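The letter at position 11 of the sequence shown is residue 29 when you use the numbering used here, and the numbering goes up by one with no holes.
Glycine included, C-beta positions come from ideal geometry on N, C-alpha and C.
As the structure is a prediction and not an experimental result, all values here were calculated from the model.
Presented below is the structure to which this report refers.
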Amino acid sequence: MTGWMDHLTIAPIVLPMLAGALMMPIDERRRTLKAVIGMASALALLGLAILAMTVADQGAAGVRVYRLGDWPANFGIVLVLDRFAALMLVLTGILGVAALLFALPRWQKAGAHFHSLFQFQLMGLNGAFLTGDLFNLFVFFEIMLAASYGLALHGSGIARVRAGLHYIAINLSASLLFLIGVSMIYGISGTLNMADLAGRVAGLAAEDRGLLEAGAAILGVAFLIKAGMWPLGFWLPNTYSTLGAASAAIVSILSKVGVYAVLRLWLLVFGDGAGASSGFGGTVLLVGGLLTIGFGSIAVLATQNMARLAGASVLVSSGTLLAAIGAGQLSVTGGALFYLASSVLAVAGFFLVVELVERGRAVGADVLAVTREAYGEGDDEDSDDGGAGVAIPATMAILGIGFMSSALLLAGLPPLSGFLAKFAILSPLLAAGPDVPVTTWVLMAALVLSGLATVVAMTRAGIDAFWASSSDEAPRVRVAELAPVLLLLALNVALTVQAGPAMRYMEDTARSLHAPRDYTGAVMSVTRAPGMGGKE
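Encoded structure:
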């Protein structure tokens, strides 16, 4: 006998797949039915993700392996649930609920098949976090990207279509690199299972090692394009700024999928047990992360548009994560994971706040209209204003609090979780005393200066939006649009108040990533998977 818990690992993939497929043939005019199905699926996914995190937080016993067809791991498709995957599932579930709730009054009406695309986006994200082999990582990447293409173009508009086509072209190129890198790795190692690959790297012949590392480097470029590392992330701020707010909130986590893949594979395949390849690419991650922070900070200062400011903030957060990962220290990785959770929630919330603040504001009313025209702001005439909303008392006060909180989180200022996250990254690096390397001081300077740049840009944008606006009326919004903003803000406050338990989880996750014995042991075990026709 098997219970439903045996299928917990695959449920976050199957549920949105079925929900998305179910809604495809339903007439677009039946939006209420689609909204009910979509929200039920999103809430169920969040519940499953929280349950998965509880299960995964049990050390070796929490690593769950699901072998489809009960094939051995090195031959068949395998899904793996551990602390890192569970963390990403929870973040995806939270963003899924918040973005979908925000979309119900307005954005679901802006184009066809929004709800199906949204569910397929969740399916691709969850699959990418749970898969245990490189081939299916590619498959779920493509599902995720195909859905994001639709969401990027959702709502039409000249600027959105132009940026969306650029986004599609760049990601198709990244997918080609992904296939080339995977092919080279398979040709040398004979496996695409990540745990199996980790066990074979150390024993590779010297003449094969260079080709494996070349394949890994090409694969890494594909991941880093998605992560937005400089100079590969030039496309990101403009693309994200043209998305609808609901789409931007969920698509913003795509950059973290690239970071997830880099962190997972780098520590698993090129960790301490990789022999001569141990630490391969670490310097590139550190230097590339620092350059990305610098590029993102310049983009933050240069933009006069709040949506682009949010897109540039994604670059800064990705750069911070890549630089912290490149440091290669367990304690720093724990702080980076805490920063990952904080920044994902903060950026998504900021995208939603921006849409509400900018609602009803004409481009010509902006203080720096000439500069904005130079950036191409005036050619996106979205007319999908269905569900204009109702006047809510103290709307501007609520939006102002949301905006100020986003500024504190993105800049890394106290007392919220953004400050705690940056402190958790820097504190272990500075603990070396007089032997602190130069790169640590450079990273600290980059984090401080990026925070200063964010403060300057957010202050300027806040003055523009709340004090210098030509509109005498508060934007008309619905409770369903304010609720997800308050939800994401409340979660960041909770992350601050419960920083101790949260950091404990992040540190345990970091330990399991730096010493992946539990992961590889569970995947490569000869024990047949329960519920798949084998014996335990």
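Subject >> Member of Phe298, Ser259 and Ala471 whose CA lies at the smallest distance from the CA of Glu376 >> reply: Translated into the one-based positions of the sequence shown, residue 376 becomes position 358. The shortest C-alpha separation from Glu376 is found at Ser259.
**OP:** Classify Arg27 as helix, strand or coil using the three-state DSSP reduction.
**Re:** By 1-based counting over the sequence shown, the position of residue 27 is 9. The displayed chain sequence assigns Thr, not Arg, to residue 27. Thr27: coil per DSSP, three-state reduction.
Original post:
How many Å lie between Gln139 and Asp453 at the Cα?
Top reply: Within the sequence shown, residue 139 is the residue found at index 121, counting from 1. Within the sequence shown, residue 453 is the residue found at index 435, counting from 1. The straight-line gap from Cα to Cα measures roughly 46 Å.
Original post:
Should Ser445 be labelled buried (16 or more other beta-carbon atoms within 10 Å of its own) or exposed?
Top reply: The residue given as residue 445 occupies position 427 in the sequence shown. The residue is exposed, with fewer than 16 neighbouring Cβ atoms inside 10 Å.
Subject >> Nearest neighbour of Ser166, chosen from Ile55, Gly436 and Ile271 [CA to CA] >> reply: Position 148 of the sequence shown, counting from 1, holds the residue named residue 166. With distances taken between Cα atoms, Ser166 lies closest to Ile271.
Original post:
Per DSSP, which one or two residues make a beta bridge with Tyr84?
Top reply: The count along the sequence shown starts at 1 and reaches residue 84 at position 66. DSSP output for Tyr84 lists Leu97 as bridge partner(s).
Original post:
So who's on the other strand from Thr149, going by DSSP bridges?
Top reply: Counting from one through the sequence shown, the residue named residue 149 turns up at place 131. Thr149 is bridged to Leu97.
Original post:
Should Ser530 be labelled buried (16 or more other beta-carbon atoms within 10 Å of its own) or exposed?
Top reply: Stepping through the sequence shown from its first residue, residue 530 is reached at position 512. With 16 or more Cβ atoms within 10 Å of its Cβ, Ser530 is classed as buried.
**OP:** With DSSP as the reference, please indicate the residues paired to Ala211 in a beta bridge.
**Re:** On the sequence shown, residue 211 is found 193 positions in, with the first residue counted as 1. Just to set this straight, residue 211 is Asn in the shown sequence, not Ala. DSSP lists Asp151 as partners of Asn211.
Original post:
Do you know whose CA, among Gly418, Ala464 and Ala520, lies nearest Phe484's CA?
Top reply: Position 466 of the sequence shown holds residue 484. Closest option to Phe484, Cα to Cα, is Gly418.
**OP:** For Ala498, I'd like the list of residues in its chain whose CB is within less than 6 Å of its CB, leaving aside the five on either flank, ordered along the chain.
**Re:** For the purposes of this step, residue 498 is taken as residue 480 along the sequence shown, with counting starting at 1. So the list reads Leu119, Leu122 and Pro123, once near-sequence residues are dropped.
**OP:** In angstroms with no decimal places, state the Cα-to-Cα distance between Val219 and Met202.
**Re:** As a working note, residue 219 is residue 201 in the sequence shown. As a working note, residue 202 is residue 184 in the sequence shown. Near 13 Å, if we compare the C-alpha coordinates of Met202 and Val219.
Original post:
When the Cα atoms are used, what is the spatial distance from Ala415 to Phe421?
Top reply: The sequence position of residue 415 within the sequence shown is 397, counting from 1. The sequence position of residue 421 within the sequence shown is 403, counting from 1. In a straight line, the C-alpha of Ala415 is about 10 Å away from that of Phe421.
Original post:
Below 7 Å between beta carbons: does that hold for Ala267 and Leu109?
Top reply: Your numbering for residue 267 matches position 249 in the sequence shown. Your numbering for residue 109 matches position 91 in the sequence shown. Their beta carbons are not under 7 Å apart, which means Ala267 does not touch Leu109 by this criterion.
**OP:** Note down, in chain order, each residue of its chain lying with its Cβ closer than 6 Å to the Cβ of Gly38, except the 5 sequence neighbours on either side.
**Re:** Taking the first residue of the sequence shown as 1, we reach residue 38 at position 20. Once the five neighbours on either side are set aside, the close Cβ partners of Gly38 are Ser134, Gln137 and Phe138.
Original post:
Is it buried or exposed for Ser191, if we count other Cβ within 10 angstroms and need 16 for buried?
Top reply: Counting from 1 along the sequence shown, the entry for residue 191 is found at position 173. Exposed, because fewer than 16 other Cβ atoms sit within 10 Å of the Cβ of Ser191.
Subject >> Helix, strand or coil at Phe132 according to DSSP, with G and I counted as helix >> reply: Within the sequence shown, numbered from 1, the residue matching residue 132 stands at position 114. Of the three classes helix, strand and coil, the one that applies to Phe132 here is helix, per DSSP.
Original post:
Run through DSSP, which three-state label would Thr321 get?
Top reply: Along the sequence shown, read from residue 1 onward, the residue named residue 321 stands at position 303. Residue state, collapsed to three classes: coil.
**OP:** Starting from the Cα of Ala425, find the closest Cα among Trp459, Ile31, Ala412 and Leu363 and give me that residue.
**Re:** Taking the first residue of the sequence shown as 1, we reach residue 425 at position 407. Cα-wise, what sits closest to Ala425 is Leu363.
**OP:** Would you mind listing the beta strand (DSSP E) stretches within the region 343-369 that are 3+ residues and don't spill past its ends, in chain order?
**Re:** none
Original post:
Do the region 177-193 and the region 213-227 meet, that is, are 3 or more Cβ pairs less than 8 Å apart?
Top reply: no
Original post:
Starting from Phe421 and walking both ways along the alpha helix (DSSP H), at which residues does that stretch end?
Top reply: In the sequence shown, the residue the question calls residue 421 occupies position 403. First-last of the alpha helix (DSSP H) with Phe421: Thr413 to Ala429.
Subject >> Close-in-space but distant-in-sequence residues of the same chain around Ser296 (CB under 8 Å, 5 per side omitted) >> reply: Sequence index remark: in the sequence shown, residue 296 carries index 278 (1-based). Cβ within range, chain order: Phe288, Gly289 and Asp290.
Subject >> Where Val454 sits in the DSSP three-state scheme >> reply: Position 436 of the sequence shown, counting from 1, holds the residue named residue 454. Of the three classes helix, strand and coil, the one that applies to Val454 here is coil, per DSSP.
Original post:
Is the region 309-321 close to the region 349-367, with three or more CB pairs under 8 Å?
Top reply: no
Original post:
Is it a yes or a no for the region 503-512 touching the region 333-340, going by three-plus beta-carbon pairs under 8 Å?
Top reply: no
**OP:** Below 6 Å CB to CB, which residues in the same chain sit around Ala78 once its five sequence neighbours on both sides are set aside?
**Re:** The count along the sequence shown starts at 1 and reaches residue 78 at position 60. Counting only Cβ-Cβ distances below 6 Å, and skipping sequence neighbours, we find Asp536.
Subject >> Residue from Ala91, His172 and Gly87 whose Cα sits closest to the Cα of Leu540 >> reply: The residue you call residue 540 lines up with position 522 of the sequence shown. One detail in the question is off: residue 540 reads as Ala in this sequence, not Leu. Checking every option, the nearest Cα to that of Ala540 belongs to Ala91.
Subject >> Arg522: first and last residue of the uninterrupted alpha helix (DSSP H) it sits in >> reply: Counted from its first residue, the sequence shown places residue 522 at position 504. From DSSP, the alpha helix (DSSP H) with Arg522 extends over Ala517 to His532.
Original post:
Can you round the beta-carbon distance between Ala517 and Ser423 to whole angstroms, since I take them to be within the 8 Å contact cut?
Top reply: Position 499 of the sequence shown, counted from the first residue, corresponds to residue 517. Position 405 of the sequence shown, counted from the first residue, corresponds to residue 423. Rounded, the Cβ-Cβ distance is 16 Å, inconsistent with contact.
**OP:** Could you tell me how far apart the beta carbons of Ala74 and Ala104 are, in whole angstroms, since I believe they sit closer than 8 Å?
**Re:** Locating residue 74 in the sequence shown gives position 56, counting from the first residue. Locating residue 104 in the sequence shown gives position 86, counting from the first residue. About 4 Å; that satisfies the 8 Å criterion.
Subject >> Cβ-based neighbour list, Leu171, same chain, cut-off 7 Å, excluding 5 preceding and 5 following >> reply: The sequence position of residue 171 within the sequence shown is 153, counting from 1. Arg178, Val179 and Gly182, listed in sequence order.
**OP:** State yes or no: is the C-beta of Met542 within less than 7 Å of the C-beta of Ala213?
**Re:** Here residue 542 corresponds to residue number 524 of the sequence shown, with the count starting at 1. Here residue 213 corresponds to residue number 195 of the sequence shown, with the count starting at 1. It is a contact, given that the beta carbons lie within the stated cut-off.
Subject >> Thr50 burial status per 10 Å Cβ neighbour count (16 or more: buried) >> reply: By 1-based counting over the sequence shown, the position of residue 50 is 32. So Thr50 ends up on the exposed side.
Subject >> Selected residue, minimal CA-CA separation from Gly221, among Thr257, Gly293 and Lys274 >> reply: Reading the sequence shown from its first residue, position 203 is the one you call residue 221. When only C-alpha atoms are compared, the closest one is Gly293.
Original post:
Looking at the structure shown, is Leu229 part of a helix, part of a strand, or coil, going by DSSP?
Top reply: For this step, residue 229 is matched to residue 211 along the sequence shown. Correct three-state label for Leu229: helix.
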